[in-house]
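Notes follow once the structure below has been shown.
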Amino acid sequence: MNIAILLLNKGRGSGVAAKDQAEVLLGQNHTVFYIHPEVGDGVNGAHNIDIHLGKKTLPVHEYLPSAKEDQKAVSSMGYDEAMSYLPAYENALESNIQYIDIVIGHHANLTAIATANICKRYNKPYVLFLHGTGIEPRHQGLYDDKVWQLIQTAIEDANGIIVTTEYVRDHLVRNLIDIPLDRFLVLPCGVDLTEFNPGNTGSIIDKYDLSSKYVICPGALSTLKGPQNVVQASKYYSDLAPTIFIGDGELKEELEEELGDRGRFLGFVSDADKAQLINAATLLAAAPEKKEHFGIIYTEAIAGGVPVVAYEGGGVNSLVTEDTGVLTQRNPKALGEAVRSLLLDRKTHDSMAINCRKRAAELYSTDVLGPQLIRWLSGILNAY
1 MNIAILLLNK GRGSGVAAKD QAEVLLGQNH TVFYIHPEVG DGVNGAHNID
51 IHLGKKTLPV HEYLPSAKED QKAVSSMGYD EAMSYLPAYE NALESNIQYI
101 DIVIGHHANL TAIATANICK RYNKPYVLFL HGTGIEPRHQ GLYDDKVWQL
151 IQTAIEDANG IIVTTEYVRD HLVRNLIDIP LDRFLVLPCG VDLTEFNPGN
201 TGSIIDKYDL SSKYVICPGA LSTLKGPQNV VQASKYYSDL APTIFIGDGE
251 LKEELEEELG DRGRFLGFVS DADKAQLINA ATLLAAAPEK KEHFGIIYTE
301 AIAGGVPVVA YEGGGVNSLV TEDTGVLTQR NPKALGEAVR SLLLDRKTHD
351 SMAINCRKRA AELYSTDVLG PQLIRWLSGI LNAY
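First residue of the sequence shown: 1, per the UniProt record's numbering; consecutive thereafter.
Laid out in structure tokens, this is it:
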């Protein structure tokens, strides 16, 4: 198959998912056209195609922690402004459509409109990967109505819809748009079982001068990601283990003062160090303010054999089971007490660690998810 993958921008979570898809497809000798603004080196082995916007402001789904005036969410744009970006996406796809068998458009956004327009024009099948960050703003009353109608039509007419969890399918997509269940593929984000592996810790403990037992909390230090809740929760277990935060953001200075000697903030670390820091942790704790659509940190921890203690709700409920962690009420006290309980119960902890690795190998390995995607795409193409 010749497959195009179209993104609004390089993304964070969605960008990782798109690159994983591309690498899986390339590994099975399919041809991939990887398309987004500022694509740079893109994906090794793919046809990496830059989208030339001709504008200083980058359209986004949600603002990155470092965002300034150079980004604007499409959901906050008026119709004319949003449509002014559309030709660039359509032109990039159209210039290669003759070589393409099927298109994967990422997000309920301008990319969905561009994918639908070009595929209909050239009679090509397309699917849309609907991440929660693209469609969630509509639940909050955002998107110009005329822009949203174009997005909705693109979704309704798609040959298939990919979502990461049933939560995204049922609570974000089907609550807005009546799409038949049989048109969906629920495909979790994959995880590299070599990188996230209990045996891959190297000398990370010595490098960061860590204790042998610690709780890890990765992610941006922003209110929605909830590091402030983990800082509060740490009061209930800090005598047993410190909490190590990796990532950065506007809350860092405030939270460092509040955390005191109950842990440390390491800031941004390399991807290799991040993996080893997670693998070497005793537990992973997370307490986001909003219900997450998926949460790659949970599958990374599970693959590393690290039990998870997190707020219940959203996509996490399908990722963390009672055999691999604990989901708590959405308050820091409940989280902290659950962490403390699991730190004290070594037998349960060790059993969960074994189950974590087994669950990751069965459900989240790219070796498992890749063939599922390929079979599904092939079925759509053969039926078209």
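Ideal placement from N, C-alpha and C gives every residue a C-beta, glycine not left out.
From the options, pick the residue whose C-alpha is nearest to that of residue i; which is it?
i, options, result
"Gly160", "Ile204, Phe196, Gly132, Ala112", "Ala112"
"Gly54", "Glu81, Ala88, His30, Gln71", "Ala88"
"Thr282", "Lys10, Leu176, Ser95, Ser211", "Ser211"
"Leu221", "Cys356, Thr201, Glu256, Lys213", "Glu256"
"Arg264", "Lys274, Ile244, Ala275, Leu277", "Ile244"
"Val39", "Ile155, Ile49, Thr164, Ile246", "Ile49"
"Asp239", "Tyr85, Asn200, Leu369, Ser341", "Ser341"
"Pro202", "Lys274, Val168, Pro218", "Looking at the sequence shown, residue 202 is not Pro but Gly. For the residues Lys274, Val168, Pro218, the minimum Cα distance to Gly202 belongs to Lys274."
"Val163", "Pro242, Tyr208, Met83, Gly13", "Gly13"
"Lys207", "Ser270, Asp145, His36", "Ser270"
"Phe294", "Pro198, Arg169, Leu277", "Arg169"
"Asp357", "Asn279, Pro37, Ile35", "The sequence shown places Arg at residue 357, rather than the Asp named in the question. It is Asn279 whose Cα lies nearest to the Cα of Arg357."
"Asp209", "Val230, Pro242, Ile177", "Pro242"
"residue 403", "Leu251, Val230, Gly315, Asp248", "In the structure as shown, the chain begins at 1 and stops at 384. Residue 403 is therefore absent and cannot be evaluated."
"Ser95", "Phe33, Asp248, Glu69, Ser84", "Phe33"
To the nearest angstrom, how far is it from the Cα of residue i to the Cα of residue j?
i, j, result
"residue 385", "Thr57", "Lying before the first or after the last residue shown, residue 385 is absent from the chain, which here runs from 1 to 384."
"Leu193", "Pro307", "16 Å"
"Ile296", "Ile302", "10 Å"
"Asp41", "His61", "22 Å"
"Asn44", "Tyr237", "45 Å"
"His52", "Asn91", "9 Å"
"Glu253", "Gln71", "25 Å"
"Ala114", "Thr348", "50 Å"
"Ile374", "Leu25", "7 Å"
"Asn29", "Gly15", "21 Å"
"Cys119", "Ile97", "8 Å"
"Val345", "Gly313", "One point to set straight first is that residue 345 is Asp, not Val, in the sequence displayed. Rounded to whole angstroms, Asp345 to Gly313 spans 25 Å at the Cα level."
"His139", "His131", "14 Å"
"Pro198", "Gly305", "6 Å"
"Ile3", "Val147", "26 Å"
"Ile5", "Ala17", "11 Å"
"Pro137", "Asn109", "10 Å"
"Gly11", "Lys213", "33 Å"
"Ala82", "Ile35", "19 Å"
"Asp80", "Glu322", "49 Å"
"Ile205", "Leu86", "48 Å"
"Pro59", "Leu343", "44 Å"
"Asn117", "Leu7", "15 Å"
What's the call for residue i, buried or exposed, on a 16-neighbour Cβ count within 10 Å?
i, result
"Ala310", "buried"
"Arg121", "exposed"
"Phe196", "buried"
"Pro188", "buried"
"Ala360", "buried"
"Gly267", "exposed"
"Asn175", "exposed"
"Ala272", "exposed"
"Gly379", "exposed"
"Ile354", "exposed"
"Asn382", "exposed"
"Tyr384", "exposed"
"Glu292", "buried"
"residue 415", "Residue 415 is absent from the structure shown; the chain starts at 1 and stops at 384."
"Tyr99", "exposed"
"residue 403", "A query on residue 403 cannot be resolved here, the shown segment of the chain reaching from 1 to 384 and no further."
"Gln149", "exposed"
"Pro218", "buried"
"Asn9", "buried"
"Asn200", "buried"
"Pro37", "buried"
"Pro371", "exposed"
"Asp145", "exposed"
Hey, residue i and residue j are a contact pair by Cβ (cut 8 Å); roughly how many whole angstroms apart?
i, j, result
"Leu172", "Ser76", "Wrong, their Cβ atoms sit about 19 Å apart, outside the cutoff."
"Thr299", "Val191", "5 Å"
"Ala46", "Ala73", "About 27 Å separates the two Cβ atoms, so there is no contact after all."
"Gly78", "His107", "About 19 Å separates the two Cβ atoms, so there is no contact after all."
"Ile179", "Ile151", "13 Å between Cβ atoms; not a contact."
"Ile246", "Leu277", "6 Å"
"Ser351", "Thr165", "Going by Cβ atoms, the distance from Ser351 to Thr165 rounds to 25 Å, so no, they are not a contact pair."
"Leu369", "Met1", "Contact doesn't hold; Cβ gap of about 17 Å is too wide."
"Tyr167", "Gly325", "Contact doesn't hold; Cβ gap of about 17 Å is too wide."
Nearest chain D C-beta to residue i closer than 7 Å, yes or no?
i, result
"Gly42", "Absent from the structure: chain D. Only one protein chain is present."
request  = Please confirm if the segment 214–228 is in contact with the segment 280–291, defined as three or more CB-CB distances below 8 Å between the two stretches.
outcome  = By the Cβ test, the segment 214–228 is in contact with the segment 280–291, since at least three Cβ pairs between them sit closer than 8 Å.
query = So does the segment 361–374 actually touch the segment 251–264, counting three or more Cβ pairs closer than 8 Å?
reply = At 8 Å Cβ cutoff, the stretches do not touch.
message = If contact is defined by three or more beta carbon pairs under 8 Å, each pair taking one atom from either stretch, is the segment 175–185 in contact with the segment 148–164?
response = Output reads yes: the segment 175–185 touches the segment 148–164.
request  = Examine the Cβ distances between the segment 91–103 and the segment 119–137 and report whether three or more of them are shorter than 8 Å.
outcome  = Output reads yes: the segment 119–137 touches the segment 91–103.
inquiry  = Measuring CB atoms only, is the segment 328–336 touching the segment 233–252, in the sense that at least three cross pairs come out at less than 8 Å?
reply    = Output reads yes: the segment 233–252 touches the segment 328–336.
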